[in-house]
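*Asks:* Could you have a look at this structure, given as structure tokens, before my questions?
2 protein chains.
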Amino acid sequence: MKKPKVPQPKPGGPTQKGQCAKRVSILDAAAEVFCRKGFAGASIDEIAMEACVSRQTVYNHYREKETLFMAVVQDILDRANAALFSILATFPDNGHNLEDDLTAFAVRLNRNCVCNHDGKFIRKLVQTEGERYPHLFEIWRQQGPGKIGTALAALFARLSHVARLDIDDFDLAAKQFLALVNADLQMISFFGGTPTDDELEKSARAAVRTFLRAYGRPPAREAGVEELREETA
Amino acid sequence: MKKPKVPQPKPGGPTQKGQCAKRVSILDAAAEVFCRKGFAGASIDEIAMEACVSRQTVYNHYREKETLFMAVVQDILDRANAALFSILATFPDNGHNLEDDLTAFAVRLNRNCVCNHDGKFIRKLVQTEGERYPHLFEIWRQQGPGKIGTALAALFARLSHVARLDIDDFDLAAKQFLALVNADLQMISFFGGTPTDDELEKSARAAVRTFLRAYGRPPAREAGVEELREETA
DNA sequence: GACGGATTAGACAATGGTGTCTATTTTGAC
DNA sequence: GTCAAAATAGACACCATTGTCTAATCCGTC
Chain A
1 MKKPKVPQPK PGGPTQKGQC AKRVSILDAA AEVFCRKGFA GASIDEIAME
51 ACVSRQTVYN HYREKETLFM AVVQDILDRA NAALFSILAT FPDNGHNLED
101 DLTAFAVRLN RNCVCNHDGK FIRKLVQTEG ERYPHLFEIW RQQGPGKIGT
151 ALAALFARLS HVARLDIDDF DLAAKQFLAL VNADLQMISF FGGTPTDDEL
201 EKSARAAVRT FLRAYGRPPA REAGVEELRE ETA
Chain B
234 MKKPKVPQPK PGGPTQKGQC AKRVSILDAA AEVFCRKGFA GASIDEIAME
284 ACVSRQTVYN HYREKETLFM AVVQDILDRA NAALFSILAT FPDNGHNLED
334 DLTAFAVRLN RNCVCNHDGK FIRKLVQTEG ERYPHLFEIW RQQGPGKIGT
384 ALAALFARLS HVARLDIDDF DLAAKQFLAL VNADLQMISF FGGTPTDDEL
434 EKSARAAVRT FLRAYGRPPA REAGVEELRE ETA
């Protein structure tokens, strides 16, 4: 009664090595449970149940708990990476309004990379199990924030070159941009909650505004502060 | 051989209810182990061993694992809070150089509240177990970042009033200040590593510089206003 | 319909953890 | 020195989990 239950074995499942349906189902369920309970707290039975699969099937696909765990991590990282590059490709090199462009970019980044399920999962897991698996932490740092950071720095370098930003240290600016964008949301997504679209938009706009106050080139109409300084001098 | 070992029972231990030495020792050890292994992964035996105490003693002081866990959390929060207010009390209301003052403040805040042992512990624990104990998350948000945030907002309000900052939304600025200060360090302290004093200082200075680019009043007026105020007082 | 690989439920031993109990020893106060 | 409270080691029942094994069942393919 309390053991894994299997509703319908899904007749259409292809039996390939790479992407068998059961395999995916196990991976998803494992991600869910590992994220909720941590490595130690997650039980194979619970994962099997959530995946609508027998425990033995789990062991057939992944030799042991740790194998499964590592497979989950790699899977999530791959997905998050794909999302990141797809977003970076959308930034308009010559849009009209830098503030709007950056805000839209920040919203998309947060929604699809940082605040989404994968993002929360991987951060939580790294913090929970990073000490036990230093290897895991290293992979994450290079493939996660590391990639976002350098990609963003490159973007800022381009924008600086087109004279829309006034940045001296691109890497620093990238880190600060990410930090600002997450200032509001961190608390929400820290827990389980997912920020609403409204919160996402609002906090992104506030962050971008501050960022541009610090790093933006005054486009003549927004030169309030600059002019003030000139006049008082 | 592998059970709790007790070297010397420490003859000088007073037997009071409030702060018995064993009690403290257990609390410290429990914090350490819970932080390393999470709630599920930590075993009472390991805690007892690390505290140089028998398992039964642990159960004598704390009825069950969960009781101990909650006591640890409350203890850490109290300590972190005390540290925070002691730091806030040191900010000079009428210093000469705002950048230096803010930088020093940020360094101290990070060293004693955010990047130190307690800070890392509480963040890790909230993220690990927050879902299982929503109560824990709520306490943390109000007593931790919440208190820092409002205290910082109040400080910025004071500084704005003395015309050293140009801020419209104090709460937002406080959040952004904290975010900027942690932009660099987050990655380091995310794992187990403790940032060096040098890293702390450098990242704080970069953050404050950006913050002041966004929110600072042109420095020409700073000294004048300050002096005027002092003289009229 | 028959075959073979995948999948299933369920039993199983081994392990390790929790919380209780007891008999003994230590400790500080008197 | 005596005494009571606290702390100790160790045994214990109980439970959950891991990973293995087996016999039965499902599935697509031939």
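Taken in order, these protein sequences are the chains called A and B.
Take the first sequence: its position 122, counting from 1, is numbered 122 in my numbering, and each next residue is one higher.
Adding 233 to a residue's 1-based position in the second sequence gives its number in my numbering.
In this text, a Cβ means the ideal position worked out from N, Cα and C, and glycines have one as well.
This one's a predicted model, so the numbers in the text were calculated from it and none came from an experiment.
To the nearest angstrom, report how far apart Asp-431 (chain B) and Gly-449 (chain B) are at their CA atoms.
*Replies:* Cα to Cα, Asp-431 (chain B) sits roughly 25 Å from Gly-449 (chain B).
*Asks:* Within 7 Å (strictly less), CB to CB, does Gln-360 (chain B) reach chain A?
*Replies:* Chain A contact via Cβ: present.
*Asks:* Please say whether Val-181 (chain A) and Ala-207 (chain A) have beta carbons closer to each other than 7 Å?
*Replies:* It is a contact, given that the beta carbons lie within the stated cut-off.
*Asks:* Could you tell me which residues DSSP pairs with Leu-165 (chain A) in its beta bridges?
*Replies:* Leu-165 (chain A) pairs with A:Gly-216.
*Asks:* Could you say if the stretch 79-98 of chain A and the stretch 148-166 of chain A meet the contact criterion of at least three C-beta pairs nearer than 8 Å?
*Replies:* A contact exists between the stretch 79-98 of chain A and the stretch 148-166 of chain A.
*Asks:* For Leu-172 (chain A), return the contacting residues in chain B, with the cut-off set at a CB-CB distance below 7 Å.
*Replies:* Ala-439, listed in chain order.
*Asks:* Give, in chain order, every unbroken run of the beta strand (DSSP E) that is at least 3 residues long and sits entirely within the stretch 329-392 of chain B.
*Replies:* Qualifying beta strand (DSSP E) stretches: none in this window.
*Asks:* Okay, do the stretch 87-106 of chain A and the stretch 52-68 of chain A touch, 3+ Cβ pairs below 8 Å being the bar?
*Replies:* No, because fewer than three Cβ pairs between the stretch 87-106 of chain A and the stretch 52-68 of chain A fall closer than 8 Å, the two stretches do not touch.
*Asks:* Mind pulling the chain A residues with CB within less than 7 Å of Lys-270 (chain B)?
*Replies:* Under the 7 Å cutoff, chain A gives Ala-40.
*Asks:* Which whole-angstrom value is the C-beta distance of Tyr-295 (chain B) and Ala-281 (chain B), which I expect to be below 8 Å?
*Replies:* 11 Å between Cβ atoms; not a contact.
*Asks:* Below 7 Å between beta carbons: does that hold for Ala-275 (chain B) and Gly-41 (chain A)?
*Replies:* It is not a contact, given that the beta carbons lie outside the stated cut-off.
*Asks:* In three-state DSSP terms, what is Cys-20 (chain A)?
*Replies:* Coil.
*Asks:* Out of B:Leu-418, B:Asn-327, B:Leu-260, B:Leu-342, which has the shortest C-alpha to C-alpha gap to Ile-309 (chain B)?
*Replies:* The shortest C-alpha separation from Ile-309 (chain B) is found at B:Leu-260.
*Asks:* What are the boundary residues of the alpha helix (DSSP H) that Thr-67 (chain A) is part of?
*Replies:* Note, Thr-67 (chain A): alpha helix (DSSP H), 65-88.
*Asks:* How about Arg-23 (chain A): is its C-beta nearer than 7 Å to some C-beta of chain B?
*Replies:* False, the Cβ-Cβ gap to chain B never drops below 7 Å.
*Asks:* Answer yes or no: does any C-beta atom of chain A fall closer than 7 Å to that of Gln-376 (chain B)?
*Replies:* No, Gln-376 (chain B) lies away from the interface with chain A (no Cβ there is under 7 Å from its Cβ).
*Asks:* According to DSSP, simplified to helix, strand and coil, what is Cys-268 (chain B)?
*Replies:* Correct three-state label for Cys-268 (chain B): helix.
*Asks:* What does the Cβ neighbour count give for Val-24 (chain A), buried or exposed, with the cut at 16 atoms within 10 Å?
*Replies:* When all chains shown are included, Val-24 (chain A) counts as exposed.
*Asks:* I want to see whether chain A comes within less than 7 Å of Arg-397 (chain B), judged by CB atoms only; does it?
*Replies:* No, Arg-397 (chain B) does not count as interfacial toward chain A.
*Asks:* Could you tell me whether any Cβ in chain A is nearer than 7 Å to the Cβ of Thr-427 (chain B)?
*Replies:* No - not a single Cβ of chain A is within 7 Å of the one on Thr-427 (chain B).
*Asks:* Rounded to whole angstroms, what's the CA-CA distance from Asp-118 (chain A) to Asp-78 (chain A)? Just pull it up for me.
*Replies:* So the alpha carbons of these two residues sit roughly 10 Å apart.
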